[in-house]
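J.: Here's a structure for you.
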Amino acid sequence: MEPVTKFTTGVFDGVQNNTYPPFGGLIHTYSINLYKSLLESTITKEYFPPGSNNYLETKTFTTYNNKYLPSIQKTTYPNKSITETTYNYAQEKGNQLLINKNMLEIPLETINTKTVNGITKMISKTETVYPTVLPDSQTGNFVLPKSIASYDLVSNNSSTEINMDKYESGNLVQYTTKSGIPVSVIWGYNNTLPIARIEGAKYNDIGMYIIDIISKSNEDAVNPAKESSLLRAFDDLRKNSNLANYQITTYSYDPHIGATSITPPSGIREYYKYDTTNRLEKIVDTNNNVLKEIKYRYGKNMPLTYANSEKSQTFTRTTCTGNSVGGSYTYTVPSGTYTSDASQLAADQKALDDINVNGQIIANQNGPCMPTVSCSFTFSSTIGNPQYSYNGTTITNDTVKFYLSFSPLGIWQNWSGGIDIGKVGLACAPSADRVILHSEGSRQWKIYIDTTGNCKATLTSGTVDSSSQSPLNFNFQYQK
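Residue 69 is where the sequence shown starts when you use my numbering, and the numbers rise one by one after that.
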């Protein structure tokens, strides 16, 4: 590092010379060495009883190759036994294709040994086989596993555990197990997630049977409300007589969250429920019985317990029969009914879930059924006895549904000046005078009804043909 104190009026052109450039400051020359921090060893001590000085110690040591990848992991246990795992990568196995693709971190061979009383034995050896050139008959133009092999501990001869038979767009769609059974994997949700596994079937033989579940899963990816359609498609797939001899497992998801259901070959479906922070909360059966529940706690202190605030929703009874209609019923979940260790939002969501499941059911049991009463209508002398008329006016729970239809044939009075058309029955007469603005086709009306039931209709827009048999239709509602 040298301070620049000499200045020149010459032009610095980058050519080596004995003069300094025409600016002041410092010229620095230094190097930076970068190193990776690699975990070399860990020591675990388990104290018995807690707080005492008595402990059991387990030590793990890791060595790395020149690519900073673990090559040997050695663990010594309290009983002095030792396990050792050796990893060999593309560099050690000489797979130039993986090296050229910079896929250096994939263990191609794993060897496990165990030493007891000074005697070392190999307990397992597995190898994952990748292509060495592209294209490949199994993987196409993708660098993907072709097979997984294990080695006999005595003869050291290899045998194939799994053979990856076929890929499509980088997804494994068929593999064959050690016993020679083909397994097809069906991908959905726009080719991002496996939605079915069919054991015993070859992929090329089932293409015509899986179109519907793939299509339904794509719809579910866009609109989660479509999941029920996907589940029905899964059930139809199981019932297909052409697949009766195969074992079928199906999966549905909320993409970016997790699986929402898994149905094994038995057909007994399990549903996966998540909390408001998208963590798995519980697994339930088709009757919503909890099979497994997960609780989350953080830190050393006792967890906070959150209780729901009061939640309610109004429903309309839908089970009334005869000449009656359902009234309103408010279903309420009192505060403190549900709790959560996660958050207030999670506790409140449980209350809302209760409302969604039980609200309509309880409203149908306890909500009122309101009788519907028909009201008469007497035409005025101006209208007389129309060639055609119909009255369907009713009242239910103080709401009048006014419905009157009649032919204007022969009525020559000026509708725009207002015409007394008649009188509705007292049961439907309003408690205060009502003015209703009513649209009827291209015509606009102002209807006036007083407390005794007298009705006056004034045409505010459009025309009425007094020579026409086409009826006038007054259909509206008002409060009693």
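Positions of the beta carbon are idealized from the N, C-alpha and C atoms, including for glycine.
Since we're looking at a predicted model, the values are computed, not measured.
Alpha carbon to alpha carbon, what distance is there between ASP518 and ALA495?
T.: Walking along the sequence shown from the start, residue 495 turns up at place 427. Walking along the sequence shown from the start, residue 518 turns up at place 450. So the two alpha carbons sit approximately 13 Å from each other.
J.: With 16 as the cutoff for other CB atoms within 10 Å, does ILE100 come out buried or exposed?
T.: On the sequence shown, residue 100 is found 32 positions in, with the first residue counted as 1. Exposed: under 16 other Cβ atoms inside 10 Å.
J.: Would you give the residue range spanned by the alpha helix (DSSP H) that VAL290 belongs to?
T.: Here residue 290 refers to the residue found at position 222 when the sequence shown is read from its first residue. Note, VAL290: alpha helix (DSSP H), 279-290.
J.: Beta carbon of PHE383, beta carbon of ALA327: below 9 Å?
T.: Locating residue 383 in the sequence shown gives position 315, counting from the first residue. Locating residue 327 in the sequence shown gives position 259, counting from the first residue. Not in contact: PHE383 and ALA327 (Cβ atoms no closer than 9 Å).
J.: Leaving out five residues on either side along the sequence, give the residues of the same chain with a beta carbon under 7 Å from the beta carbon of TYR271.
T.: By one-based count along the sequence shown, residue 271 stands at place 203. Here the set comprises LYS234, VAL241, GLN242, SER252.
J.: Run through DSSP, which three-state label would ASN434 get?
T.: Along the sequence shown, one-based indexing puts residue 434 at 366. Looking at ASN434 - three-state DSSP - the assignment turns out to be helix.
J.: Compute the distance between the beta-carbons of GLY493 and ARG511, then report whether it is under 9 Å.
T.: Within the sequence shown, residue 493 is the residue found at index 425, counting from 1. Within the sequence shown, residue 511 is the residue found at index 443, counting from 1. Contact flag unset, no.
J.: What are the start and end residues of each continuous beta strand (DSSP E) run of 3 or more residues lying completely inside the region 226-251, in chain order?
T.: Within the region 226-251, the complete beta strand (DSSP E) runs of at least 3 residues are 226-236, 239-245.
J.: Closest to THR151 by CA distance: which of LYS182, GLN481, GLU125 is it?
T.: The sequence position of residue 151 within the sequence shown is 83, counting from 1. When only C-alpha atoms are compared, the closest one is LYS182.
J.: Roughly how many angstroms separate the alpha carbons of PRO323 and TYR257, rounded to a whole number?
T.: Counting from 1 along the sequence shown, the entry for residue 323 is found at position 255. Counting from 1 along the sequence shown, the entry for residue 257 is found at position 189. Taking the straight line from one Cα to the other gives about 8 Å.
J.: Express the C-alpha separation of THR386 and PRO439 in angstroms, rounding to a whole number.
T.: Within the sequence shown, numbered from 1, the residue matching residue 439 stands at position 371. Within the sequence shown, numbered from 1, the residue matching residue 386 stands at position 318. Answer to the nearest angstrom: the Cα atoms are 14 Å apart.
J.: Would you check if the distance between the CB atom of VAL339 and the CB atom of LEU348 is smaller than 9 Å?
T.: Mapped onto the sequence shown, residue 339 falls at position 271. Mapped onto the sequence shown, residue 348 falls at position 280. Per the sequence shown, the amino acid found at residue 339 is Tyr instead of Val. Their beta carbons are not under 9 Å apart, which means TYR339 does not touch LEU348 by this criterion.
J.: Please classify SER320 as buried or exposed, where buried requires at least 16 other C-beta atoms within 10 Å of its C-beta.
T.: One-based indexing of the sequence shown puts residue 320 at position 252. Per the 10 Å Cβ criterion, buried.
J.: Would you call the region 450-462 and the region 395-412 in contact, with 3 or more CB pairs under 8 Å?
T.: Not touching, per the Cβ criterion.
J.: Give me the residue from GLN159, ILE179, THR178 with the minimum Cα distance to ASN170.
T.: In the sequence shown, the residue the question calls residue 170 occupies position 102. Nearest option by C-alpha distance: GLN159.
J.: Drop a sphere of 10 angstroms on the beta-carbon of GLY78, count the other beta-carbons inside from all chains shown, and report buried for 16 or more, exposed for fewer.
T.: Mapped onto the sequence shown, residue 78 falls at position 10. Only weak support exists for where GLY78 lies, its pLDDT of 48 falling under 50; the coordinates are left without a value.
J.: Report the three-state DSSP secondary structure of PHE116 (helix, strand or coil).
T.: The residue you call residue 116 lines up with position 48 of the sequence shown. The answer is coil: DSSP assigns PHE116 none of H, G, I, E or B.
J.: Less than 6 Å between C-beta atoms, sequence neighbours within five positions excluded: which residues of the same chain meet that for PHE75?
T.: Here residue 75 is taken as the residue at index 7 of the sequence shown, counted from 1. Residue confidence for PHE75 is low, a pLDDT of 46 falling below 50, so the modelled location carries little weight and cannot support an answer.
J.: In angstroms, rounded to a whole number, what distance separates the CA positions of ILE111 and GLU125?
T.: Here residue 111 refers to the residue found at position 43 when the sequence shown is read from its first residue. Here residue 125 refers to the residue found at position 57 when the sequence shown is read from its first residue. Each residue's alpha carbon lies about 7 Å from the other.
J.: Just to check my reading of the structure: TYR123 and SER139 have Cβ atoms closer than 8 Å, yes? What is that Cβ distance to the nearest angstrom?
T.: Against the sequence shown, residue 123 aligns to sequence position 55. Against the sequence shown, residue 139 aligns to sequence position 71. Wrong, their Cβ atoms sit about 30 Å apart, outside the cutoff.
J.: Taking 8 Å as the cut-off, does the region 279-290 touch the region 219-238 (at least 3 CB pairs, one atom from each stretch)?
T.: Contact between the region 219-238 and the region 279-290 is absent, because fewer than three Cβ pairs lie under 8 Å.
J.: Which same chain residues end up closer than 8 Å to ILE281 when comparing Cβ atoms and leaving out the 5 residues on each side of it in sequence?
T.: Working through the sequence shown from its first residue, we reach residue 281 at position 213. If we look at ILE281 and ignore the five residues flanking it on each side, its Cβ neighbours are ILE254, GLY256, ILE263, ALA264, LEU298, ALA301, PHE302, LEU305, THR318.
J.: Taking DSSP's pairing of strands, which residues face GLY208 in a bridge?
T.: Along the sequence shown, read from residue 1 onward, the residue named residue 208 stands at position 140. Paired residue(s): ASP204.
J.: So GLU195 is in the beta strand (DSSP E); what residue range does that whole segment cover?
T.: The residue given as residue 195 occupies position 127 in the sequence shown. Per DSSP, GLU195 belongs to the beta strand (DSSP E) from 187-197.
J.: Can you check which of these residues, ILE351, LYS548, PRO402, GLY509, is closest to ASN465 by C-alpha distance?
T.: For the purposes of this step, residue 465 is taken as residue 397 along the sequence shown, with counting starting at 1. The residue with the shortest Cα to Cα distance from ASN465 is LYS548.
J.: In its own chain, which residues sit with a C-beta less than 8 Å from the C-beta of VAL211, not counting the 5 before and 5 after it?
T.: Here residue 211 is taken as the residue at index 143 of the sequence shown, counted from 1. Closer than 8 Å at the Cβ level, and outside the excluded window around VAL211, lie LEU165, LEU166, LYS169, MET171, TYR198, PRO199, LEU202.
J.: Who are the near neighbours of THR462 in its chain, counting only those whose CB is closer than 6 Å to its CB and skipping five residues on each side?
T.: As a working note, residue 462 is residue 394 in the sequence shown. Same-chain partners within the cutoff: THR440, SER442, LYS469.
J.: On the premise that THR153 lies in contact with THR178, defined as a C-beta separation below 8 Å, what is that separation, rounded to the nearest angstrom?
T.: Walking along the sequence shown from the start, residue 178 turns up at place 110. Walking along the sequence shown from the start, residue 153 turns up at place 85. At roughly 7 Å, the Cβ-Cβ gap stays under 8 Å, so THR178 and THR153 are in contact.
J.: With DSSP as the reference, please indicate the residues paired to GLY486 in a beta bridge.
T.: Your numbering for residue 486 matches position 418 in the sequence shown. Bridge partners of GLY486: none, in fact.
J.: Are the beta-carbon atoms belonging to GLN504 and TYR546 less than 9 Å from one another?
T.: Start at 1 with the first residue of the sequence shown, and residue 504 comes out as number 436. Start at 1 with the first residue of the sequence shown, and residue 546 comes out as number 478. Before going on, a small fix: residue 504 reads as Ile here, not Gln. It is a contact, given that the beta carbons lie within the stated cut-off.
J.: Starting from the C-beta of GLY268, find all residues in its chain whose C-beta is less than 8 Å away, skip the five residues before and the five after it, and write them out in chain order.
T.: What you label residue 268 is simply residue 200 of the sequence shown in a count that begins at 1. Only ILE249, PRO250, VAL251, ASN313, TYR314, GLN315 meet the Cβ criterion.
J.: Under 9 Å between the Cβ atoms of PRO498 and PRO476?
T.: Taking the first residue of the sequence shown as position 1, residue 498 is located at position 430. Taking the first residue of the sequence shown as position 1, residue 476 is located at position 408. Not a contact, by the Cβ cut-off of 9 Å.
J.: If you check the beta carbons only, do GLY490 and PHE447 fall under 9 Å apart?
T.: Position 422 of the sequence shown, counted from the start, is the residue given in the question as residue 490. Position 379 of the sequence shown, counted from the start, is the residue given in the question as residue 447. Going by C-beta atoms, GLY490 is nearer than 9 Å to PHE447.
J.: How long is the line joining the alpha carbons of ASN259 and ASN291, rounded to whole angstroms?
T.: Counted from its first residue, the sequence shown places residue 259 at position 191. Counted from its first residue, the sequence shown places residue 291 at position 223. Their Cα atoms are separated by approximately 16 Å.
J.: Let me know the beta strand (DSSP E) ranges lying completely inside the region 378-408, each 3 residues or longer, listed in chain order.
T.: Listed in chain order, the complete beta strand (DSSP E) runs (minimum 3 residues) inside the region 378-408 are 379-384, 392-394, 396-401.
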